[in-house]
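Colleague: Quick note: the sequence shown uses our numbering, first residue 14, plus one each step.
Heads up, the beta-carbon is just placed ideally off N, CA and C, and yes, glycines get one too.
These numbers come from a predicted model, not from an experiment.
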Amino acid sequence: MQNIDAQQQPRAIPAFFEDYELVQRGLLRPSLVSKLLFTYHQNKHPTFPLVHTSLFTPENMEKLQKSDYFLLTAILTIASRDDPQQTLTHRYCWDHTQRLLIDVLLAHPWTQTPRTVEGLLLLAEWLPHIQIQETSSDSPKSLFSEDRTAWSLVGLAVRQGYLQRLDQGAFRNGDKSESKEQSEQNRLIWAYIFMADRQISVRLGQSFWSRGPSLNANFTAKDYPSLQPLPDSDSEDYASILQASMELIQILHNAHAVLYSSKDRTMAMVLEGNYARYLDDFRTSATTWHSAWNSIAVSTKTKTTLMIMLF
Numbered sequence: 014m015q016n017i018d019a020q021q022q023p024r025a026i027p028a029f030f031e032d033y034e035l036v037q038r039g040l041l042r043p044s045l046v047s048k049l050l051f052t053y054h055q056n057k058h059p060t061f062p063l064v065h066t067s068l069f070t071p072e073n074m075e076k077l078q079k080s081d082y083f084l085l086t087a088i089l090t091i092a093s094r095d096d097p098q099q100t101l102t103h104r105y106c107w108d109h110t111q112r113l114l115i116d117v118l119l120a121h122p123w124t125q126t127p128r129t130v131e132g133l134l135l136l137a138e139w140l141p142h143i144q145i146q147e148t149s150s151d152s153p154k155s156l157f158s159e160d161r162t163a164w165s166l167v168g169l170a171v172r173q174g175y176l177q178r179l180d181q182g183a184f185r186n187g188d189k190s191e192s193k194e195q196s197e198q199n200r201l202i203w204a205y206i207f208m209a210d211r212q213i214s215v216r217l218g219q220s221f222w223s224r225g226p227s228l229n230a231n232f233t234a235k236d237y238p239s240l241q242p243l244p245d246s247d248s249e250d251y252a253s254i255l256q257a258s259m260e261l262i263q264i265l266h267n268a269h270a271v272l273y274s275s276k277d278r279t280m281a282m283v284l285e286g287n288y289a290r291y292l293d294d295f296r297t298s299a300t301t302w303h304s305a306w307n308s309i310a311v312s313t314k315t316k317t318t319l320m321i322m323l324f
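Spelled out as structure tokens, the structure:
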């Protein structure tokens, strides 16, 4: 992964975003777009390193095309969601994201790119606060409204992934017509589709969508070179974090599928005396996982984010 100095300050680069709709309409300044990209890279990217770091470099910002604008808008929405001073900006970005989502839903040609899938996964991970407020109420049924919205976005990402044949990234010898860099990025995107789908399905108790070969690929950190730390740098070992996350999510998914597939099945296992045995098996798997990854050499913040998934 390309290393970006943590002390680097965001630059005002007006020429880069002149044709971006929110800039053209005068709702955002180009310098603010640059600042929000920097904020996202510093605060959000470390816990969900799906977007290639090259996107955040000035030389690549200049090359952004219309097909990148859904991802860009999703990033700006997420970067502004937790800043009280950017409340209006967050509203502008989320409103624009919703308009672009119509094009994504209708599969307009300009949306048929892996970066659209990246944007969907990011939104599912960090749903805008505005959307959470609008879909919530005092009704008990609204308690899972955020999860339902995220589940819908993940489902759309899954369908877009299949439509663009990103599932081929689950094979070590994927599409030979693509560059090595694009093949590796597609594999990374499919890995995050796989994880997002299992996570949200377990949270909602719904069956998962993506039944592709990812379960049997057994990818390791070495299969994600763009996430590996650079020599002689302080960059994080995101590749190992991804491997650890996939292994843990599979354990949690298996536990849910066996122990809580249905109320009747769970009750039958309890009465037959099998529930405690299966629970012990999964506890052993979780303990083994913790022993293997507890000493992973990453920052405390990144490691804590990983361990929260277990506990």
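Going by CA-CA distance only, name the one from Lys76, Leu63, Leu261 that's closest to Thr133.
Modeller: At residue 133 the sequence reads Leu, which differs from the Thr that was named. Minimum Cα distance to Leu133 is reached at Leu63.
Colleague: Our contact map puts Thr60 next to Thr318 with C-beta atoms below 8 angstroms; I'd like the distance itself, whole angstroms only.
Modeller: Between Thr318 and Thr60 the Cβ distance is about 5 angstroms, and since that is below 8 angstroms, they are a contact.
Colleague: For Thr102, count neighbouring Cβ atoms within 10 angstroms of its own Cβ and tell me buried if that reaches 16, exposed if not.
Modeller: Label assigned to Thr102: buried.
Colleague: Using a 10 Å radius around the Cβ and a threshold of 16 neighbouring Cβ atoms, would you call Gly225 buried or exposed?
Modeller: The predicted position of Gly225 is uncertain, since its pLDDT is 48 and thus under 50; no value can be drawn from it.
Colleague: Where does Asp32 sit, in a helix, a strand or coil, going by DSSP?
Modeller: The answer is coil: DSSP assigns Asp32 none of H, G, I, E or B.
Colleague: Give the DSSP-derived three-state secondary structure of Val311 in the structure shown.
Modeller: If DSSP states are grouped into helix, strand and coil, Val311 belongs with coil.
Colleague: Given Phe30, which residues of its chain have a CB within under 6 angstroms of its CB, disregarding the five upstream and five downstream residues?
Modeller: So the qualifying residues of the chain are Val36, Pro43, Val46.
Colleague: Compute the distance between the beta-carbons of Trp306 and Ala268, then report whether it is under 9 angstroms.
Modeller: No; because the gap between Cβ atoms is not below 9 angstroms, this pair is not in contact.
Colleague: So what's Trp107 in DSSP terms, helix, strand or just coil?
Modeller: Note: Trp107 maps to helix in three-state DSSP.
Colleague: Are the Cβ atoms of Ala137 and Ala170 separated by less than 9 angstroms?
Modeller: It is a contact, given that the beta carbons lie within the stated cut-off.
Colleague: Looking only at its own chain, which residues have a Cβ that is under 8 angstroms from the Cβ of Trp302, when we skip the five neighbours before and after it?
Modeller: Around Trp302: Ala257, Glu260, Leu261, Ile264, Leu323.
Colleague: DSSP three-state label for Val117, please.
Modeller: Here Val117 sits in helix by DSSP.
Colleague: When you compare only the Cα positions, how much space is there between Ser352 and His58?
Modeller: Look at the range of the chain in this structure, 14 to 324, and you will see that residue 352 is not part of it.
Colleague: In chain order, what residues of the same chain lie with their CB nearer than 6 angstroms to the CB of Leu41, ignoring the 5 residues before and after it?
Modeller: If we look at Leu41 and ignore the five residues flanking it on each side, its Cβ neighbours are Leu35.
Colleague: Does DSSP classify Ser304 as helix, strand or coil?
Modeller: DSSP places Ser304 in helix when its eight states are reduced to three.
Colleague: Roughly how many whole angstroms lie between the Cα atoms of Pro127 and Ile202?
Modeller: Each residue's Cα considered, the two are about 8 angstroms apart.
Colleague: Would DSSP call Ser67 helix, strand or coil?
Modeller: It is helical.
Colleague: So, helix, strand or coil for Gly182, using DSSP?
Modeller: It is helical.
Colleague: With DSSP as the reference, label Thr318 as helix, strand or coil.
Modeller: Here Thr318 sits in helix by DSSP.
Colleague: Could you have a look at Asn199 and say whether DSSP puts it in helix, strand or coil?
Modeller: Looking at Asn199 - three-state DSSP - the assignment turns out to be helix.
Colleague: How many angstroms separate the CA atom of Phe295 from the CA atom of Ala163?
Modeller: Phe295 and Ala163: Cα-Cα distance of roughly 27 angstroms.
Colleague: Please say whether His65 and Ser239 have beta carbons closer to each other than 9 angstroms?
Modeller: Yes.
Colleague: For Thr297, which residues in the same chain have their Cβ closer than 6 angstroms to its Cβ, ignoring the five residues on either side in sequence?
Modeller: Answer for Thr297: no residue qualifies.
Colleague: With 16 as the cutoff for other CB atoms within 10 Å, does Asn287 come out buried or exposed?
Modeller: The residue is exposed, with fewer than 16 neighbouring Cβ atoms inside 10 Å.
Colleague: I'd like the ranges of any alpha helix (DSSP H) spanning at least 4 consecutive residues and lying wholly in the segment 236 to 274.
Modeller: Within the segment 236 to 274, the complete alpha helix (DSSP H) runs of at least 4 residues are 251 to 272.
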